[in-house]
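What follows is a set of notes on a single structure, which appears directly below.
2 protein chains.
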Amino acid sequence: MAKKVKTNKRQVILEEAAKLFKAKGFGGTSMRDLGSQVGMEAASMYNHISSKDDILESICFHVSNTYISQLNEIEQLPVSYVDKLKALIRLHIRLMIEDGAAVSVANNDWKYLSEVKLQQFKEARKTYEKGFAALIEQGITAGEFQPMNVSVALFTILSAVRWVELWYRPGRGITAEELEENIMTILLNGLAK
Amino acid sequence: MAKKVKTNKRQVILEEAAKLFKAKGFGGTSMRDLGSQVGMEAASMYNHISSKDDILESICFHVSNTYISQLNEIEQLPVSYVDKLKALIRLHIRLMIEDGAAVSVANNDWKYLSEVKLQQFKEARKTYEKGFAALIEQGITAGEFQPMNVSVALFTILSAVRWVELWYRPGRGITAEELEENIMTILLNGLAK
DNA sequence: GCCACATAAACAAACGTTTGTTAGTCATCT
DNA sequence: AGATGACTAACAAACGTTTGTTTATGTGGC
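Here the protein sequences line up with chains L and C, keeping their order.
Residues 1 to 193 (UniProt numbering) make up the first sequence, in order.
Residues 1 to 193 (UniProt numbering) make up the second sequence, in order.
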């Protein structure tokens, strides 16, 4: 039996859409824009996707699923809470670098999801945040972290990692590893001497 | 002589627009949406504003002007670099709390500014970031901060403060002061014990 | 002959904005 | 005091575009 050589057009559409949504926003990107980027007429894309919303959903849930499954793996590692936190921060930076466009869309354009999917997405995010927060809380209890408001810590970390999407480019004179090292130093040890 | 009782309708439009843009994005907010929020027909608003872009520009540049002028004041305070940085972080959190909608628009919807204004805005932002970075750099030179990549520190701080716009609500069980204290502790001293 | 995929053409809906008009307010002149 | 004219601010209706999507048709490979 021959291998399927099909270049998945749907995947191409999703990838180009992520780039355009990141650059111009969901509302700012028309199906005709997207079509010309993909290399076909807007109408033709409807052979591969069912709607513009369908595209947004696929991107957003692909990202949220990735985060959640990775969190589950990290939770079960037999290491200190400091190391778990480091792994999580690294995960965020890696995903931002490897799949920046999609992550950006999931970060910024999720609010344009349709009613039903919007609720699902918010729930997924809450699940992830709860798991992340629990990890911080346990780290504090174990005496590895300073006592502090867990929500504040959680969101500070999540946000501190976001700018990478806007800033990082391979030719910036800093490698992904250096970037991770720098950010983790600030978050774990602070700026002050 | 009687007092001028004029409620500045333009200001009302700008404020309601900021709220709607924050909630639904610039592209996702129609002039009819905005009109019904303000309490007049879309067409009537054109007696007070010259275009939808005009609204976006006013909001964005109001915010960027505020940041830049405040930075200038802080730069000239006769205090340590640690204290200057603290003042800047406090400034960001305060503006986020007091004028969250406008700040949110300037953070997220600036990219929809028209060609010319977009360039101006980017320049203003770069000016601000340069001043902020210089302050960090001097702090490192003075031995008050750990040696580190200045850009990484800058953007980590700027981002770490952004989530407040999404999260903070007066009834969260945490005051603005506690919030500032917590965030500054993480950024300056880190999470680790 | 059929299936997968591409297209052009058309669709209704929604968009930002312009137009023409009206009602009210105020200072000025008689 | 009353008339005049300029100004402000509101409105309904319509404009030309652009939007996401559908329909009908065509085409190349199995």
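Think of the CB as a built atom: it goes at the ideal place given N, C-alpha and C, for glycine as much as any other residue.
Since this is a predicted model, take the numbers as computed values, not measurements.
Residue nearest to residue i in terms of C-alpha spacing, selected from the options
{"i": "Lys122 of chain C", "options": "C:Ala133, C:Asp99 and C:Trp110", "result": "C:Trp110"}
{"i": "Glu165 of chain C", "options": "C:Asn8, C:Arg94 and C:Gly25", "result": "C:Arg94"}
{"i": "Gln70 of chain C", "options": "C:Ile97, C:Ser50, C:Val82 and C:Tyr128", "result": "C:Tyr128"}
{"i": "Met81 of chain C", "options": "C:Asp54, C:Glu181 and C:Thr141", "result": "Per the sequence shown, residue 81 of chain C should be read as Tyr rather than Met. Closest by alpha carbon: C:Thr141."}
{"i": "Phe132 of chain L", "options": "L:Ala192, L:Tyr67 and L:Gln119", "result": "L:Tyr67"}
{"i": "Gly28 of chain L", "options": "L:Lys52, L:Leu118, L:Phe145 and L:Arg169", "result": "L:Lys52"}
{"i": "Lys24 of chain C", "options": "C:Leu77, C:Val105, C:Leu85 and C:Ala43", "result": "C:Val105"}
{"i": "Ser151 of chain L", "options": "C:Glu137, C:Gln138 and C:Asn182", "result": "C:Asn182"}
{"i": "Ser159 of chain L", "options": "L:Leu187, L:Val38 and L:Glu41", "result": "L:Leu187"}
{"i": "Leu118 of chain C", "options": "C:Lys9, C:Asp54 and C:Ile89", "result": "C:Asp54"}
{"i": "Ile99 of chain C", "options": "C:Tyr168, C:Lys193, C:Arg32 and C:Glu137", "result": "Here residue 99 of chain C turns out to be Asp, not Ile, going by the sequence shown. Among C:Tyr168, C:Lys193, C:Arg32 and C:Glu137, the Cα nearest to that of Asp99 of chain C is on C:Tyr168."}
{"i": "Ser36 of chain L", "options": "L:Ser50, L:Asn47 and L:Glu16", "result": "L:Glu16"}
{"i": "Glu137 of chain C", "options": "C:Ser44, C:Leu85, C:Ser30 and C:Ile74", "result": "C:Leu85"}
{"i": "Pro147 of chain C", "options": "L:Arg32, L:Asn189 and L:Trp163", "result": "L:Asn189"}
{"i": "residue 195 of chain C", "options": "L:Phe145, L:Gly171 and L:Pro170", "result": "Since the first residue shown for chain C is 1 and the last is 193, residue 195 of chain C is missing from the structure and cannot be characterised."}
{"i": "Asn47 of chain C", "options": "C:Ile59, C:Lys9, C:Gly143 and C:Ser114", "result": "C:Lys9"}
{"i": "Ala42 of chain C", "options": "C:Ile49, C:Arg32 and C:Ser50", "result": "C:Arg32"}
{"i": "Cys60 of chain C", "options": "C:Gly171, C:Thr156, C:Ser114 and C:Ala134", "result": "C:Ser114"}
Proximal residues of chain C, C-beta to C-beta of residue i below 7 Å
{"i": "Ile59 of chain L", "result": "Here the premise fails: no neighbours, minimum Cβ distance about 16 Å."}
{"i": "Asn182 of chain L", "result": "Met148, Asn149 and Val152"}
{"i": "Ser159 of chain L", "result": "Ser159, Ala160, Arg162 and Trp163"}
{"i": "Leu20 of chain L", "result": "Per Cβ cutoff of 7 Å: no residues; Leu20 of chain L is ~12 Å from chain C at best."}
Nearest-angstrom beta carbon gap, residue j and residue i [assumed within contact, 8 Å]
{"i": "Ala101 of chain L", "j": "Ala176 of chain L", "result": "That belief does not hold up - the Cβ atoms of Ala101 of chain L and Ala176 of chain L are roughly 17 Å apart, past 8 Å."}
{"i": "Val161 of chain C", "j": "His92 of chain C", "result": "4 Å"}
{"i": "Cys108 of chain C", "j": "Asn108 of chain L", "result": "The question names Cys, yet the displayed sequence has Asn at residue 108 of chain C. Rounded, the Cβ-Cβ distance is 7 Å, consistent with contact."}
Range covered by the alpha helix (DSSP H) that runs through residue i
{"i": "Tyr46 of chain C", "result": "Counting along the chain, Tyr46 of chain C falls outside any alpha helix (DSSP H), and DSSP gives it neither H nor E."}
{"i": "Ile140 of chain L", "result": "Glu115 to Thr141"}
{"i": "Phe21 of chain L", "result": "Lys9 to Lys24"}
{"i": "Ala153 of chain C", "result": "Val150 to Ala160"}
{"i": "Ala106 of chain L", "result": "Gly100 to Asn108"}
{"i": "Leu56 of chain L", "result": "Lys52 to Glu75"}
{"i": "Met31 of chain L", "result": "Met31 to Val38"}
{"i": "Val79 of chain L", "result": "First-last for Val79 of chain L: undefined, no H or E at that position."}
{"i": "Ile183 of chain L", "result": "Ala176 to Asn189"}
{"i": "Glu165 of chain C", "result": "Val164 to Trp167"}
Exposure of residue i, with buried meaning 16 or more beta-carbon neighbours within 10 Å
{"i": "Gln11 of chain C", "result": "exposed"}
{"i": "Lys22 of chain L", "result": "buried"}
{"i": "Thr185 of chain L", "result": "buried"}
{"i": "Val116 of chain C", "result": "exposed"}
{"i": "Leu191 of chain C", "result": "buried"}
{"i": "Ile13 of chain C", "result": "buried"}
{"i": "Glu180 of chain C", "result": "buried"}
{"i": "Ala153 of chain C", "result": "buried"}
{"i": "Ala124 of chain C", "result": "buried"}
{"i": "Lys126 of chain L", "result": "exposed"}
{"i": "Lys3 of chain C", "result": "Low per-residue confidence applies at Lys3 of chain C: pLDDT is 25, beneath 50, and the placement is therefore not dependable, though the value from the model is reported in the following sentence. Per the 10 Å Cβ criterion, exposed."}
{"i": "Asp83 of chain C", "result": "exposed"}
{"i": "Leu20 of chain C", "result": "buried"}
{"i": "Gly173 of chain L", "result": "exposed"}
{"i": "Val38 of chain L", "result": "buried"}
{"i": "Lys6 of chain L", "result": "Residue placement at Lys6 of chain L is poorly supported in this model, since its pLDDT is 45, which falls under 50; the coordinates are not used for a value here."}
{"i": "Asn149 of chain L", "result": "buried"}
{"i": "Leu77 of chain C", "result": "exposed"}
{"i": "Val103 of chain C", "result": "buried"}
{"i": "Gly139 of chain C", "result": "buried"}
{"i": "Glu57 of chain L", "result": "buried"}
Within chain L, partners of residue i - CB distance below 8 Å
{"i": "Tyr46 of chain C", "result": "Under the 8 Å cutoff, chain L gives no residues; its nearest Cβ is about 22 Å from Tyr46 of chain C."}
{"i": "Lys193 of chain C", "result": "Gly143, Glu144, Phe145 and Gln146"}
{"i": "Tyr112 of chain C", "result": "Gly25 and Gly28"}
{"i": "Ile97 of chain C", "result": "Correct list: empty, because the minimum Cβ distance to chain L is about 14 Å."}
Contact set between residue i and chain C, taken where Cβ atoms lie within less than 8 Å
{"i": "Ile186 of chain L", "result": "Met148, Val152, Ala153, Thr156, Leu187 and Gly190"}
{"i": "Val82 of chain L", "result": "Ala192"}
{"i": "Asn108 of chain L", "result": "Asn108"}
Listed by chain order, chain L residues near residue i by CB distance under 9 Å
{"i": "Leu179 of chain C", "result": "Asn149 and Val152"}
Contact list for residue i against chain L, beta-carbon separation under 7 Å
{"i": "Lys174 of chain C", "result": "Correcting the residue identity first, residue 174 of chain C is Ile in this sequence and not Lys. By Cβ distance, chain L contributes Asn149."}
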